[in-house]
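**Q**
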Amino acid sequence: MIFKISAEDAGKRIDKILSEKLPELSRSFVKKLIEDGKVKVNGKNTEPSYKAKLGDEVEIEVVSPPKLIPKPQDIDIKIVYEDDDIAIVDKPAGMAVHPAPGSEENTLVNALLSRYKELPTPSPERPGIIHRLDKDTSGLIIIAKSPLAYQKLSRDFADRKIDKRYIALVVGNLPLDEGVINLPIGRDPFDRKKMKVTLGGREAITLFKVLKRYGNFTLIEVKIKTGRTHQIRVHLSYEGYPVAGDEIYGKDKIPGLNRQFLHAYRISFNHPRTGEKLVFQSPLPGDLRDFLRSLVSPKGSSHS
Numbered sequence: 484m485i486f487k488i489s490a491e492d493a494g495k496r497i498d499k500i501l502s503e504k505l506p507e508l509s510r511s512f513v514k515k516l517i518e519d520g521k522v523k524v525n526g527k528n529t530e531p532s533y534k535a536k537l538g539d540e541v542e543i544e545v546v547s548p549p550k551l552i553p554k555p556q557d558i559d560i561k562i563v564y565e566d567d568d569i570a571i572v573d574k575p576a577g578m579a580v581h582p583a584p585g586s587e588e589n590t591l592v593n594a595l596l597s598r599y600k601e602l603p604t605p606s607p608e609r610p611g612i613i614h615r616l617d618k619d620t621s622g623l624i625i626i627a628k629s630p631l632a633y634q635k636l637s638r639d640f641a642d643r644k645i646d647k648r649y650i651a652l653v654v655g656n657l658p659l660d661e662g663v664i665n666l667p668i669g670r671d672p673f674d675r676k677k678m679k680v681t682l683g684g685r686e687a688i689t690l691f692k693v694l695k696r697y698g699n700f701t702l703i704e705v706k707i708k709t710g711r712t713h714q715i716r717v718h719l720s721y722e723g724y725p726v727a728g729d730e731i732y733g734k735d736k737i738p739g740l741n742r743q744f745l746h747a748y749r750i751s752f753n754h755p756r757t758g759e760k761l762v763f764q765s766p767l768p769g770d771l772r773d774f775l776r777s778l779v780s781p782k783g784s785s786h787s
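Quick note: to get our numbering, add 483 to the position in the sequence shown (first position is 1).
1. Quick one: what's L761 bridged to in DSSP?
2. Assign L593 to one of three DSSP states: helix, strand, or coil.
3. Whether or not the stretch 556-571 and the stretch 616-627 are in contact is what I'm after, with contact meaning three or more pairs of Cβ atoms, one per stretch, closer than 8 angstroms; do they touch?
4. I need the straight-line Cα distance from K574 to T620, nearest angstrom please.
5. When the cut-off is 7 angstroms and only beta carbons count, does E730 lie next to chain D?
6. What does DSSP give as the partner residue(s) for L767 in the beta ladder?
7. Can you tell me whether DSSP reads A632 as helix, strand or coil?
8. Hey, V541 and I485 are a contact pair by Cβ (cut 8 angstroms); roughly how many whole angstroms apart?
9. With a threshold of 16 other CB atoms inside 10 Å of the CB of V762, please say whether the residue is buried or exposed.
10. With distances taken between CB atoms, is the gap from T590 to A576 smaller than 7 angstroms?
11. Quick check: the Cα distance between D519 and I543, rounded to an integer number of angstroms?
12. Leaving out five residues before and five after S597 in sequence, what residues of the same chain have Cβ atoms less than 8 angstroms from its Cβ?
13. Cβ atoms of L652 and A747: under 7 angstroms apart, would you say?
14. For K527, collect the residues of the same chain with a Cβ closer than 8 angstroms to its Cβ; drop the 5 residues on either side in sequence, then sort them by chain order.
15. Alpha carbon to alpha carbon, how far is E587 from D773?
16. Between S720 and Y732, which are expected to be in contact by the criterion C-beta below 8 angstroms, what is the C-beta distance as a whole number of angstroms?
17. Identify which residue in P725, E686, M678 and D729 has its Cα closest to the Cα of K504.
18. Flag this pair as yes or no: are the beta carbons of P610 and V654 separated by less than 7 angstroms?
19. Out of P766, R776 and L771, which one is the CA nearest neighbour of K561?
20. Who does Y649 pair with in a DSSP beta bridge?
21. Tell me where the beta strand (DSSP E) around Y721 begins and ends.
22. With which residues is A687 paired in a DSSP beta bridge?
23. Within a Cβ cutoff of 7 angstroms, which residues of the same chain sit near I500, ignoring the five residues on either side of it in sequence?
24. According to the neighbour-count rule (16 or more other Cβ atoms, all chains shown, within 10 Å of its Cβ), is S787 buried or exposed?
25. Considering only residues of the same chain and omitting the five flanking positions on each side of R643, which have a CB-CB separation below 8 angstroms?
26. Have a look at Q714, K736, K523 and Y633 and flag the residue whose alpha-carbon is nearest the alpha-carbon of R756.
27. Answer with buried or exposed for D539, where buried requires no fewer than 16 other C-beta atoms within 10 angstroms of its C-beta.
28. If I measure Cβ to Cβ from G683 and keep anything under 6 angstroms in the same chain, skipping five residues before and after, which residues do I get?
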């Protein structure tokens, strides 16, 4: 991999630049690559602390990082429902679903490994995980406890048979009471931690409906037909109405809101073994309810 240092990155440490461009690699792993001579600047070895200059040519010999093997941790999690095949977890904001470089502990997977002896998985880093929520998104997530559940629910997700709905508060007054955003999403080539609307991306479909209007904020229900990374946040931001509190795709920091206002409040699907239609709901967490109460009284809306 070869790239040139842009004006935006000039003056930053080279290890920081690489960590931002390669989020799958931890800062410590990047540092080791540099120290092992796997990173060259203008054809020469460098130091992790080197401050890049505009136009520097950086060449990286990318080496796959070691696989993360998550460890069991006794972490309290809220189980909404469970049987021999599935568990429904109400994930709090601030908890990552699975370990990643730089965030290897205190994840939902660590908690699941402590609670269950065996969970089906195609990879050791994500036992029982068939879909995910962003770290700072709260709400419902399905865990597969049996091989049958893993296979059936993975197929149902791929076939768009699982109904996932969210409550979001966006900045701005949405002009429509409901609508559909159908725009492809792909990785941002300039920042590997971000996604963006791009013609070369994968299909992404987001439906929204206004619930209430709060001055310069709009409370909406969101339903996603596809499950792209950061899909809701990317789509709404692209349309000019970012999720309130979103530090990556949003605008200014909002006083009184310490995380993105996005909650996976409802999920429905057919039970993988019995075929029974299941519907689960999660109330809006206290921090989000408190923020709504702090806003001005809702103005006229047919969706009160």
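The C-beta atom is built at its ideal place from N, Cα and C for all residues, glycine as well.
**A** Short version:
1. Start at 1 with the first residue of the sequence shown, and residue 761 comes out as number 278. DSSP output for L761 lists F752 as bridge partner(s).
2. What you label residue 593 is simply residue 110 of the sequence shown in a count that begins at 1. In the sequence on display, residue 593 carries Asn and not Leu. Residue state, collapsed to three classes: helix.
3. yes
4. Indexing the sequence shown from 1 puts residue 574 at position 91. Indexing the sequence shown from 1 puts residue 620 at position 137. Rounded to the nearest angstrom, the two C-alpha atoms are 8 angstroms apart.
5. You won't find chain D in this structure, because it holds only one protein chain.
6. Within the sequence shown, residue 767 is the residue found at index 284, counting from 1. According to DSSP, L767 bridges with nothing at all.
7. Along the sequence shown, read from residue 1 onward, the residue named residue 632 stands at position 149. It is helical.
8. What you label residue 541 is simply residue 58 of the sequence shown in a count that begins at 1. What you label residue 485 is simply residue 2 of the sequence shown in a count that begins at 1. Going by Cβ atoms, the distance from V541 to I485 rounds to 7 angstroms, so yes, they are a contact pair.
9. Translated into positions along the sequence shown, residue 762 becomes position 279. Exposed.
10. Taking the sequence shown and counting its residues from 1, the one referred to as residue 590 is at position 107. Taking the sequence shown and counting its residues from 1, the one referred to as residue 576 is at position 93. Not a contact, by the Cβ cut-off of 7 angstroms.
11. Counted from its first residue, the sequence shown places residue 519 at position 36. Counted from its first residue, the sequence shown places residue 543 at position 60. Computed Cα separation, rounded: 11 angstroms.
12. In the sequence shown, residue 597 corresponds to position 114, counting from 1. These residues qualify, in order along the chain: P555, Q556, D557 and I558.
13. Within the sequence shown, numbered from 1, the residue matching residue 747 stands at position 264. Within the sequence shown, numbered from 1, the residue matching residue 652 stands at position 169. Against a cut-off of 7 angstroms, the Cβ pair of L652 and A747 comes out as no contact.
14. Counting from one through the sequence shown, the residue named residue 527 turns up at place 44. Nothing listed; no residue qualifies.
15. In the sequence shown, the residue the question calls residue 587 occupies position 104. In the sequence shown, the residue the question calls residue 773 occupies position 290. If you take the alpha carbons of E587 and D773, they lie about 31 angstroms apart.
16. Numbered from 1 along the sequence shown, position 237 holds the residue referred to as residue 720. Numbered from 1 along the sequence shown, position 249 holds the residue referred to as residue 732. Their Cβ separation, rounded to whole angstroms, is 4 angstroms, which keeps S720 and Y732 in contact under 8 angstroms.
17. Within the sequence shown, residue 504 is the residue found at index 21, counting from 1. It is M678 whose Cα lies nearest to the Cα of K504.
18. Translated into the one-based positions of the sequence shown, residue 610 becomes position 127. Translated into the one-based positions of the sequence shown, residue 654 becomes position 171. Their beta carbons are not under 7 angstroms apart, which means P610 does not touch V654 by this criterion.
19. In the sequence shown, residue 561 corresponds to position 78, counting from 1. Ranking the options by Cα distance to K561, first place goes to P766.
20. Indexing the sequence shown from 1 puts residue 649 at position 166. Note: Y649 sits in a beta bridge opposite V705 and A747.
21. In the sequence shown, residue 721 corresponds to position 238, counting from 1. Counting along the chain, Y721 falls outside any beta strand (DSSP E), though it belongs to the alpha helix (DSSP H) covering Q714 to Y721.
22. Indexing the sequence shown from 1 puts residue 687 at position 204. A687 pairs with nothing; no bridge assigned.
23. Position 17 of the sequence shown, counted from the start, is the residue given in the question as residue 500. Contacts found: D492 and A535.
24. Within the sequence shown, residue 787 is the residue found at index 304, counting from 1. The predicted model places S787 with a pLDDT of 37, which falls under 50 and marks its position as unreliable, so this point remains unresolved.
25. For the purposes of this step, residue 643 is taken as residue 160 along the sequence shown, with counting starting at 1. Counting only Cβ-Cβ distances below 8 angstroms, and skipping sequence neighbours, we find K708 and T709.
26. Reading the sequence shown from its first residue, position 273 is the one you call residue 756. The shortest C-alpha separation from R756 is found at Y633.
27. Counted from its first residue, the sequence shown places residue 539 at position 56. Classification for D539: buried.
28. Residue numbering aside, residue 683 sits at position 200 when the sequence shown is read from its first letter. Cβ within range, chain order: G669.
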